[in-house]
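Here the structure comes first, spelled out in structure tokens, and everything after it is commentary.
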């Protein structure tokens, strides 16, 4: 006969299990009921399993696009992807959430974008007023209004990029002797460029990624390793609460004492900021100087410099790499773009290097830039916002307060009503053929990859400046051939894109 305490223990366990199961069923029914008007994957109505699978798939944007296509109705492109989570491909909803008077707030998705355990950056602030205050002080620096040499610094870094390719990798002909030049990993080289460019713009000197052709401080490897963890934590709310808590974040976050990775970069940028503050030098014409003049504190400068490095290099690198791949694998596009560049040089409309103003007058170049952004948005995180307490109405359906709503950016940019029936195809000509009104609408929708309104990306103008110049300077000088056409690269999407092994053969054009 079993001892009484063992029987009591088994009974207690059974009761505990029954109560837990009942609680789970009731809360699941409650979750389902709140957003029952919106269709979505079955498991999404009571669990975060679907979001977890999407985050770990390596193709987040594809999963969100699929859900939007499958569960959208004739009257709404907003679908359900979690117990308290909606996904929208409606540009008007995205804009409405971001207007200056919007009562939507940031969800704890943003808390996972904090890089410093002690302070928030512009992206991680959950308090709207605090975010607006920092952004107002930082805006002039990002816009270039107080960095008169900004374009020249981008030109200098592009010149380093072109020179590195020309001296080490480019063949002067297709002969067997010339073929001894090594293949170029364009994916990594482009990331070296964007890292050097943003550091030169940000605080006057580059870190030397292009010069060394190495992962300075091990930063790139660390971002690659952290991408999965940050993405999963950001999109699953209870994980975000745990991982962004001060205790856990302090234990797991990068530290200035680290020998490599984000922590080592944080130490290097912190030293630069401290030196500038110690000298009370607010006169330099770089972004850091602008921030100091507009009243950002030393600590705010330290956190914003690190955020600037991550946000300003990885996303722009993705846009450049992806568009270059589409150009290389589309002979018609490549030939047309190079012809426009050659004609502009011959007619004296393109300087060396090309100016930003000149690039804006090249219609096919602008078409390629926007089409590249459309085909592969550089960031696929959901940027989840919270519906205000009084709720909201989307397409005539009430959405309860506290619901999280994210952007289905891939679906947004494949909308056939905006981009035509061949929206799945990389075809820059759609931008040239469209009338003024249609082209303006396509631009408005495509630029939502940078966010909108108060939540818009502060570095948008810098990203466009780099894109306006890089394609011209590379394609005026070189022809690129994919070495392994059956697998041109490895590309994994964990909010940010991890793109590697984009091996190309380079030949000088002139």
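Residue numbers (the working numbering): 4 to 513.
The beta-carbon is built from N, C-alpha and C at its ideal position, and this holds for glycine as well.
C-alpha gap between residue i and residue j, whole angstroms
i	j	result
residue 450	residue 330	20 Å
residue 113	residue 463	19 Å
residue 186	residue 174	10 Å
residue 325	residue 375	7 Å
residue 57	residue 109	21 Å
residue 135	residue 316	23 Å
residue 415	residue 453	13 Å
residue 494	residue 130	34 Å
residue 516	residue 95	Residue 516 lies beyond the range of the chain shown here (4 to 513); nothing can be said about it.
residue 204	residue 448	28 Å
residue 47	residue 111	19 Å
residue 470	residue 86	39 Å
residue 91	residue 115	21 Å
residue 139	residue 190	34 Å
residue 50	residue 63	18 Å
residue 459	residue 323	20 Å
residue 105	residue 99	7 Å
residue 410	residue 433	24 Å
residue 163	residue 213	7 Å
residue 264	residue 271	11 Å
residue 66	residue 53	9 Å
residue 206	residue 393	44 Å
residue 81	residue 442	25 Å
residue 346	residue 171	28 Å
residue 237	residue 243	5 Å
residue 224	residue 148	34 Å
residue 124	residue 304	9 Å
residue 312	residue 352	33 Å
residue 395	residue 401	6 Å
residue 184	residue 483	13 Å
residue 408	residue 42	14 Å
residue 502	residue 491	10 Å
residue 294	residue 127	18 Å
residue 8	residue 15	Legend: pLDDT at residue 8 = 46, less than 50; position of this residue unreliable, value from coordinates given subsequently. If you take the alpha carbons of residue 8 and residue 15, they lie about 10 Å apart.
residue 161	residue 76	47 Å
residue 509	residue 478	11 Å
residue 119	residue 255	11 Å
residue 241	residue 61	22 Å
residue 285	residue 308	15 Å
residue 227	residue 12	47 Å
Beta-ladder partner(s) of residue i, from DSSP
i	result
residue 384	Paired residue(s): none; residue 384 is not in a bridge.
residue 437	According to DSSP, residue 437 bridges with nothing at all.
residue 495	501
residue 88	85 and 407
residue 174	510
residue 109	388
residue 482	510
residue 359	Per DSSP, none; premise fails for residue 359.
Which of helix, strand or coil DSSP assigns to residue i
i	result
residue 133	helix
residue 83	strand
residue 187	strand
residue 288	coil
residue 400	strand
residue 395	strand
Assumed close pair residue i, residue j - CB separation to whole angstroms, cut-off 8 Å
i	j	result
residue 319	residue 197	5 Å
residue 267	residue 220	4 Å
residue 291	residue 141	At roughly 10 Å, the Cβ-Cβ gap does not stay under 8 Å, so residue 291 and residue 141 are not in contact.
residue 421	residue 380	About 15 Å separates the two Cβ atoms, so there is no contact after all.
residue 288	residue 157	That pair is no contact at about 14 Å.
residue 188	residue 505	6 Å
residue 365	residue 350	Incorrect: roughly 11 Å between the Cβ atoms, too far for contact.
residue 202	residue 209	5 Å
residue 417	residue 68	7 Å
residue 431	residue 474	That pair is no contact at about 11 Å.
residue 79	residue 397	7 Å
The ligand PLP heavy atom lying under 6 Å from the CB of residue i
i	result
residue 385	What this structure holds is no ligand at all, so the ligand PLP is not there to describe.
Any chain C beta carbon closer than 7 Å to residue i
i	result
residue 277	Here there is only one protein chain, and chain C is not present.
Could you name each continuous alpha helix (DSSP H) segment of 4 residues or more that falls completely within the region 192-256, going from the start of the chain to the end? For secondary structure counted as the alpha helix (DSSP H) over 4 or more consecutive residues, the region 192-256 holds these complete runs in sequence order: 212-215, 222-238, 240-246 and 249-255.
4-residue-minimum alpha helix (DSSP H) runs that sit fully inside the region 328-352, ordered along the chain: 334-349
Curious, which full-length alpha helix (DSSP H) runs of at least 4 residues does the region 118-169 contain? Counting whole runs of 4 or more residues, the region 118-169 contains the alpha helix (DSSP H) stretches 131-146.
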